[in-house]
Amino acid sequence: MNLKQEIQEIEYDFPYHYLPQLINNQVVPGQELNWAGEYLLSLLSVERCIKHLKLYNILDIGCGDGRLVNEMSLKFPNSVFTGIDYSERAISLARSMSKSNNSSFKLVDLNKKNNLKDKYDLVTSIEVLEHIPVELAQDFFYSNVSMVRKNGYLLIIVPHKNKKLTAKHEQHFSTKDMLDIVNGCKRKLEIIEFKYFDNSGKIFEFFRRLVKNKIYTLNFIWKLLLNRQITLNDEKEKKCGRMFCLIKCY
16 MNLKQEIQEI
26 EYDFPYHYLP
36 QLINNQVVPG
46 QELNWAGEYL
56 LSLLSVERCI
66 KHLKLYNILD
76 IGCGDGRLVN
86 EMSLKFPNSV
96 FTGIDYSERA
106 ISLARSMSKS
116 NNSSFKLVDL
126 NKKNNLKDKY
136 DLVTSIEVLE
146 HIPVELAQDF
156 FYSNVSMVRK
166 NGYLLIIVPH
176 KNKKLTAKHE
186 QHFSTKDMLD
196 IVNGCKRKLE
206 IIEFKYFDNS
216 GKIFEFFRRL
226 VKNKIYTLNF
236 IWKLLLNRQI
246 TLNDEKEKKC
256 GRMFCLIKCY
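Okay, so the sequence shown: first residue is 16 according to the working numbering, each after it adds one.
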């Protein structure tokens with residue numbers, strides 16, 4: 016485990032991805048992390064993707080403490096969800112937070128031998144690729160693709176280069192970077208959609224401070240902005256904070 020991985024491991028003393036919590040689509044006041052709104056946008060994007068494509072068998076790579084798998088398995092009881100991570104601590108947290116019968120978690124390090132034999136309708140990699148050393152990123156991407164069944168989908172969300180590199184990240188990405196990685200794969204792939212999240216600029220910071228803080232949460236504004244997803248068009252990539260990339264695998 017390298018230094019950047021150790022930083023991530025220390026953070027799994029607590030299942031921090033579960034903040035803030037939503038009850039009946041209302042944010043629970045007093046639960047605040049600076050980037051929590053960003054992660055909720057990721058969850059919403061995955062939920063809409065599963066609903067639109069009517070997917071059954073879903074794998075979440077780098078599941079961490081399991082919030083995505085655990086929440087989606089409750090919302091889609093007729094689908095099956097699997098989460099994998101190299102961190103024993105994270106997998107332990109994910110299992111302890113599980114409340115469904117259609118979800119499971121496995122200890123797997125994709126940088127080593129992959130013992131997973133199943134193929135999935137959808138593979139998600141939500142803010143994972145930035146943790147992979149630059150020289151291993153292409154191979155890691157291919158290992159993601161290899162677990163997608165024929166005509167299935169890979170969904171990747173990564174921080175954009177517009178955002179400052181953090182201590183636990185190896186690199187951030189632009190659209191060109193993602194295209195280079197996709198085009199470097201031997202399997203036939205088609206990018207279905209690029210989407211840009213405007214959470215690195217003043218709009219999102221204003222939203223975070225005004226709508227949600229330790230004192231109160233304005234849920235009606237929260238819902239309005241969440242439904243709009245704070246997305247940008249291609250011409251405004253330079254203002255975005257993260258990228259959503261949906262890829263079809265043939």
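C-beta: ideal position from N, C-alpha, C; glycine also.
Taking 7 Å as the limit between beta carbons, can you name the residues of its chain near residue i, skipping five residues before and five after?
| i | result |
| --- | --- |
| Pro148 | Glu185 |
| Ile271 | Not covered by the structure: residue 271. The range shown for the chain is 16 to 265. |
| Ile106 | Asp100, Phe120 and Leu122 |
| Ile163 | Residue identity differs from the one stated: residue 163 is Val in this sequence, not Ile. Contacts found: Lys134, Tyr135, Val138, Leu169 and Cys264. |
| Phe91 | Ile65 |
Is DSSP giving residue i helix, strand or coil here?
| i | result |
| --- | --- |
| Met162 | coil |
| Asp136 | strand |
| Glu185 | coil |
| Val173 | strand |
| Lys179 | coil |
| Glu252 | helix |
| Lys127 | coil |
| Ile147 | coil |
| Tyr157 | helix |
| Lys191 | helix |
Please classify residue i as buried or exposed, where buried requires at least 16 other C-beta atoms within 10 Å of its C-beta.
| i | result |
| --- | --- |
| Ala182 | exposed |
| Asn116 | exposed |
| Glu53 | buried |
| Arg82 | buried |
| Gly199 | exposed |
| Ser111 | exposed |
| Tyr265 | exposed |
| Glu142 | buried |
| Glu208 | exposed |
| Asp80 | buried |
| Leu180 | exposed |
Return the chain-ordered list of same chain residues with a C-beta closer than 8 Å to the C-beta of residue i, the five sequence neighbours on each side being excluded.
| i | result |
| --- | --- |
| Glu145 | Val173, Pro174, His184, Glu185, Gln186, His187 and Phe188 |
| Leu151 | Asn126 |
| Leu89 | Lys114 and Ser115 |
Between which residues of its own chain and residue i is the CB-CB distance below 6 Å, once the five residues before and five after are set aside?
| i | result |
| --- | --- |
| Asp75 | Leu83, Val84, Gly98 and Thr139 |
| Thr60 | Residue 60 is actually Ser in this sequence, not Thr. So the qualifying residues of the chain are Phe259. |
| Glu86 | none |
| Ser57 | Ile141 and Ile172 |
| Lys176 | His187 and Ser189 |
Looking at the ligand ADP, does it come within less than 7 Å of residue i, judged from the CB to the closest heavy atom?
| i | result |
| --- | --- |
| Ile171 | With respect to small molecules bound, the structure shown includes none, and the ligand ADP cannot be examined in it. |
For residue i, decide whether its Cβ has a neighbour in chain D, counting only Cβ atoms nearer than 8 Å.
| i | result |
| --- | --- |
| Asn166 | The structure shown contains no chain D; it holds only a single protein chain. |
**Prompt:** Hey, which unbroken runs of the beta strand (DSSP E) at 3 residues or more fall wholly within the stretch 41-119?
**Reply:** Whole beta strand (DSSP E) segments, 3+ residues: 72-76 and 95-100.
**Message:** Quick test of the definition: if touching needs 3 or more C-beta pairs under 8 Å, does the stretch 132-141 touch the stretch 70-85?
**Reply:** At 8 Å Cβ cutoff, the stretches touch.
**Asked** Taking one C-beta from the stretch 147-161 and one from the stretch 116-127 each time, how about it: are there three or more such pairs within less than 8 Å?
**Response** Yes: at least three Cβ pairs fall under 8 Å.
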